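Read the structure below first, then the notes.
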Amino acid sequence: KSAEGADGLVLEGRPSSLATRPGGNARSLDWSLLQGWIAPAPWILAGGLTPSNVQEAIRISGASAVDVSSGVERAPGVKDAGLIRLFINNAKALSP
2 KSAEGADGLV LEGRPSSLAT RPGGNARSLD WSLLQGWIAP APWILAGGLT PSNVQEAIRI
62 SGASAVDVSS GVERAPGVKD AGLIRLFINN AKALSP
């Protein structure tokens, strides 16, 4: 879809046709598709990110910002403070 007029973009994998939510479905996109991409607006990588894959996602995609939801839950809709801390620490470890 067109990003014309958007202040920013959130890039994530498309939810399955059976998904009941527009996000938080743990579906990532092929991060390599973003290599060398010239974005028309600032963007955030989302979808399927977890503490264990966020560094790889950043390295491959070149993302400067990430978003997480279900990747830091201990049960559906229940965030885990330890997983949130780990996610943030892993993402920040790649910052200059």
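In this note's numbering, the protein residues as written are 2 to 97. Just so you know, even glycine gets a beta-carbon here, dropped at the ideal spot from N, CA and C. Because the structure is a prediction, the values reported are computed rather than measured.
Residue of the options minimising C-alpha distance to residue i
i	options	result
ASP8	PRO41, ARG75, ARG60 and ALA94	PRO41
ILE39	GLY78, GLY14, LEU84 and SER62	SER62
LEU28	LEU10, LEU50, GLY37 and LEU95	One detail in the question is off: residue 28 reads as Arg in this sequence, not Leu. Checking every option, the nearest Cα to that of ARG28 belongs to LEU50.
PRO52	TRP32, LEU12, GLU13 and LYS93	LYS93
CB-CB length for residue i against residue j, believed under 8 angstroms
i	j	result
GLY48	LEU30	6 angstroms
ALA64	LEU46	4 angstroms
Limits of the beta strand (DSSP E) - the one that residue i falls within
i	result
ARG28	That residue, ARG28, is in no beta strand (DSSP E); it is neither H nor E in DSSP.
ALA76	74–76
Residue range of the unbroken alpha helix (DSSP H) whose run includes residue i
i	result
ARG86	82–93
Sub-8 angstroms separation of residue i and residue j beta-carbons
i	j	result
ARG75	ASP68	no
VAL73	ILE59	no
LEU12	ALA4	no
Which of helix, strand or coil DSSP assigns to residue i
i	result
TRP44	strand
VAL55	helix
LEU35	helix
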